[in-house]
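Numbering of the sequence shown is given in my numbering, commencing with residue 88 and proceeding in unit increments.
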Amino acid sequence: IINSVQAGLASKLDLQAIIDLVGDKLRDILNTDDIGIRLYDEQADLVHYLYEFEHGERLTIPSQKPSAMFRQIYVDRQPVFGGTAAIIKKYNVATVPGTEQSKAIANVPIIAGDKVIGGISVESFEREDFFDESNIRLMQTIASSMGVALENARLFDETQRLFKQSEQRAAELAIINSVGEAMSKQLDVKTVTHIVGDKVREIFNSDAVSIMLLDSATNLIHV
């Protein structure tokens, strides 16, 4: 199971694709239709619900502030599992709007590097003793692999962003240099404005460009 998940993750560099792969696999492994995968945005202090199923139906849940239970998981990096009623009482957790209260729940942290970046939540509506050390250990192992894959995806996205930014800056510099070089050879106002106008039309792929000069002596605009 772990090898099949890791093989799938190795081929993914898209964040949502990674989350969907793990979610689908866990639903199959644990034989459950009640699962959530959430990522934590530390800067905004928001939990984003990116994969949510209840009774086999996919739910759309808006981002919200983390619960006391998640904050505890974030600090000690350990799973929380057991009877839902007892966990709700201990952490004063409110049921997410649009969902029902289960009989058992397990929350396992997703760790990347040395930080908790999210969590996997699995519920059982049939048995309070659904979770044991065995299936929790499996969830932790998969969450660990997922954390590595998500970090790789983040690094890939960051590299792509920096590469595109670098490419854009190089293109902008080339444009500025070509305009500057052409203008340095001209001293005629009309020729200079035509060079700049033609280059602007080319850069922005536009056929609607105007260059206007103000004659302050006559207070007239010359197009």
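Note that the Cβ used here is the ideal one computed from N, Cα and C, for glycine as well. Predicted model only: the values in this text are computed from it and were never measured.
Item, Value
"Less than 8 Å between the CB atoms is what I'm expecting for Ile197 and Met233, so what's the real figure, rounded?", "6 Å"
"Using CA atoms only, rank isn't needed, just tell me which of Val276, Ala230, Gln273 is closest to Val92.", "Ala230"
"Measuring only the C-alpha atoms, how far is His142 from Ile192?", "14 Å"
"Can you round the beta-carbon distance between Arg145 and His135 to whole angstroms, since I take them to be within the 8 Å contact cut?", "Arg145 to His135, Cβ: 15 Å. No contact."
"Looking at the strands, I want to know which residues DSSP matches up with Asn194.", "Val167, Ser208"
"Taking 8 Å as the limit between beta carbons, can you name the residues of its chain near Ser293, skipping five residues before and five after?", "Val287"
"Identify the residues that DSSP records as bridge partners of Arg145: which are they?", "Phe140"
"Classify Arg214 as helix, strand or coil using the three-state DSSP reduction.", "coil"
"Mapping the DSSP letters down to three states, classify Gly200 as helix, strand or coil.", "coil"
"In this structure, what does DSSP give as the bridge partners for Asp302?", "Leu307"
"Determine the extent of the beta strand (DSSP E) in which Leu126 is found, giving its start and end residues.", "122-128"
"Go to Glu238, then tell me how far its alpha helix (DSSP H) extends in each direction, as first and last residue.", "220-271"
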